[in-house]
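Number of protein chains: 2
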Amino acid sequence: MCKENHYSDRQLTEMIHKGGLRPSAQRIAVLSFVANAKRHPTADEIYGVLSDKFPSLSKTTVYNSLHALVEVGLIRELEIESGNRHYDLAPQPPHSHFVCRTCGKIVDMSMPEGVSEITTPGFQIDCIDVYFKGICPECLNKKQRQNSKLNN
Amino acid sequence: MCKENHYSDRQLTEMIHKGGLRPSAQRIAVLSFVANAKRHPTADEIYGVLSDKFPSLSKTTVYNSLHALVEVGLIRELEIESGNRHYDLAPQPPHSHFVCRTCGKIVDMSMPEGVSEITTPGFQIDCIDVYFKGICPECLNKKQRQNSKLNN
DNA sequence: ACTAATTTTGTAACGATTACAAAGATGTTA
DNA sequence: TAACATCTTTGTAATCGTTACAAAATTAGT
Numbered sequence: 009m010c011k012e013n014h015y016s017d018r019q020l021t022e023m024i025h026k027g028g029l030r031p032s033a034q035r036i037a038v039l040s041f042v043a044n045a046k047r048h049p050t051a052d053e054i055y056g057v058l059s060d061k062f063p064s065l066s067k068t069t070v071y072n073s074l075h076a077l078v079e080v081g082l083i084r085e086l087e088i089e090s091g092n093r094h095y096d097l098a099p100q101p102p103h104s105h106f107v108c109r110t111c112g113k114i115v116d117m118s119m120p121e122g123v124s125e126i127t128t129p130g131f132q133i134d135c136i137d138v139y140f141k142g143i144c145p146e147c148l149n150k151k152q153r154q155n156s157k158l159n160n
Numbered sequence: 009m010c011k012e013n014h015y016s017d018r019q020l021t022e023m024i025h026k027g028g029l030r031p032s033a034q035r036i037a038v039l040s041f042v043a044n045a046k047r048h049p050t051a052d053e054i055y056g057v058l059s060d061k062f063p064s065l066s067k068t069t070v071y072n073s074l075h076a077l078v079e080v081g082l083i084r085e086l087e088i089e090s091g092n093r094h095y096d097l098a099p100q101p102p103h104s105h106f107v108c109r110t111c112g113k114i115v116d117m118s119m120p121e122g123v124s125e126i127t128t129p130g131f132q133i134d135c136i137d138v139y140f141k142g143i144c145p146e147c148l149n150k151k152q153r154q155n156s157k158l159n160n
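These protein sequence lines map, in sequence, to chains A and B.
Just remember that our numbering sits 8 ahead of the position in the first sequence, which is counted from 1.
Just remember that our numbering sits 8 ahead of the position in the second sequence, which is counted from 1.
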């Protein structure tokens with residue numbers, strides 16, 4: 009349920025290279041951020057963090073990099089909320105996502121039994137996205153504490 | 009796999025009323041379109057069709073209506089592609105969606121066995137979205153025909 | 001080092017959505 | 001039915017994520 013992976017720049021460089029892309033410093037940084045971030049970031053979040061490291065970084069570059077990395081299959085787009093694409097490292101065991109409707113946090117969950125193997129006659133299924141929406145434990149706790157406060 | 013429901017204006021009016029909203033002509037029309045459309049429409053599509061019937065219709069009204077109807081739980085937002093929200097009637101047996109990556113068509117599918125009953129300790133799960141992405145039978149056919157043409 | 005191809009960058013444009021305020025319609029109460 | 005408060009609609013302007021484009025910079029291969 010938690011991602012502890014740490015991808016070294018060396019690994020990331022090789023991944024980008026294998027994808028047929030040039031491993032520019034910006035691309036490595038973008039991929040690194042997506043790969044090692046706990047929460048699946050948006051282009052804007054990536055830009056915000058990386059522009060410290062690359063003062064000249066352009067938002068277009070972030071978008072370019074993300075597109076290129078999606079193109080070669082290194083990362084995946086999560087369509088969680090219209091108007092805000094989130095990105096996730098692609099070559100992982102298939103998993104689903106929980107989205108907290110209170111704090112917006114996205115948590116990796118295991119993929120429900122059997123879903124990955126589903127086929128439907130006539131349809132070619134390339135990928136499966138499962139999104140659980142609700143309230144995460146932290147927000148549930150906060151809520152409870154607020155409620156008990158009211159009852160005192 | 010196919011929706012044949014036909015909701016009368018009388019039914020829709022009552023649904024809106026029960027939700028605590030005023031059943032204005034525009035709202036009824038919006039809800040009717042979402043309820044009876046085969047493909048889950050976007051705000052823009054709804055506006056395009058309804059502006060014939062309501063020459064004075066404003067796009068803002070479509071958005072307002074959709075928001076209000078979502079608010080009271082009559083319709084649901086599908087987050088299929090960032091930058092284009094689709095809408096679906098809410099009070100249906102839970103189902104999943106197939107999205108064709110070629111023609112963009114959205115097809116209702118049955119909900120995979122057991123997914124609706126999933127619980128996770130500590131999390132409050134309010135709803136579950138399952139999206140299959142791939143190529144629909146029609147587009148697969150077209151592709152095949154093109155390929156066989158090339159081989160002649 | 002030279003050349004071609006790729007990548008970055010900044011600016012401008014785009015499209016979906018939202019904010020806002022005025023005008024219009026509706027429901028309620030007397 | 002008249003008066004009033006409330007809810008809806010409408011149009012315009014603004015916002016925000018994303019894309020288009022062209023010039024400058026970088027990289028890879030000869």
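A virtual CB, placed ideally from N, CA and C, is assigned to each residue, including glycine.
Simplified DSSP state of residue i, which is helix, strand or coil
i, result
"A:Val80", "coil"
"B:Glu121", "coil"
"A:Phe41", "helix"
"A:Ile143", "strand"
"B:Ile24", "helix"
"A:His126", "According to the sequence provided, residue 126 of chain A is Ile. The question's His does not apply to it. Here A:Ile126 sits in coil by DSSP."
"B:Met9", "Its pLDDT being 46, under 50, B:Met9 is placed unreliably in this model, and the value from its coordinates should be taken loosely. Here B:Met9 sits in coil by DSSP."
Chain A contact residues for residue i, given Cβ-Cβ distances below 7 Å
i, result
"B:Cys144", "Phe131"
"B:Arg93", "Ser90"
CA nearest to the CA of residue i, picked from the options
i, options, result
"A:Gln100", "A:Lys113, A:Pro129, A:Pro31 and A:Asn44", "A:Asn44"
"B:Lys141", "A:Phe131, A:Lys113 and A:Pro31", "A:Phe131"
"B:Phe162", "B:Ser118, B:Val123, B:Leu97 and B:Ala98", "For residue 162 of chain B there is no data in the structure shown, the boundaries of chain B being 9 and 160."
"A:Glu89", "A:Ile136, A:Pro102, A:Lys113 and A:Glu125", "A:Lys113"
"B:Val57", "B:Gly91, B:Phe41, B:Arg84 and B:Gln19", "B:Phe41"
"A:Thr68", "A:Lys61, A:Gly81, A:Asp60 and A:Ile54", "A:Ile54"
"B:Met23", "B:Asn155, B:Ser64, B:Gly81 and B:Asn72", "B:Gly81"
"B:Ala51", "B:Gln19, B:Arg84 and B:His25", "B:Arg84"
"A:Thr127", "B:Leu65, B:Val70 and B:Pro120", "B:Pro120"
"B:Ser104", "B:Asp116, B:Cys147 and B:Asp17", "B:Asp116"
"A:Ile133", "B:Arg109, B:Leu39, B:Gly91 and B:Pro31", "B:Arg109"
"B:Cys111", "B:Lys150, B:Gly28 and B:Phe62", "B:Lys150"
"A:Leu39", "A:His94, A:Ser64 and A:Glu87", "A:His94"
Within chain A, the residues that residue i reaches when beta carbons sit closer than 8 Å
i, result
"B:Thr128", "Phe106, Met117 and Phe140"
"B:Leu20", "Per Cβ cutoff of 8 Å: no residues; B:Leu20 is ~25 Å from chain A at best."
Within chain B, the residues that residue i reaches when beta carbons sit closer than 7 Å
i, result
"A:Glu89", "Glu87"
"A:Glu121", "Gly122"
"A:Cys135", "Lys141"
Listed by chain order, chain B residues near residue i by CB distance under 9 Å
i, result
"A:Arg84", "Going along chain B, no residue has its Cβ under 9 Å from A:Arg84, so there is no contact; the nearest lies around 11 Å."
Which runs of the alpha helix (DSSP H) spanning at least 4 residues fall entirely within the segment 47 to 116 of chain A, listed in chain order?
Whole alpha helix (DSSP H) segments, 4+ residues: 51 to 61 and 67 to 79.
Given 8 Å, three or more beta-carbon pairs between the segment 31 to 50 of chain A and the segment 64 to 76 of chain A
yes
Are three or more beta carbon pairs between the segment 135 to 152 of chain A and the segment 124 to 139 of chain B nearer than 8 Å?
yes
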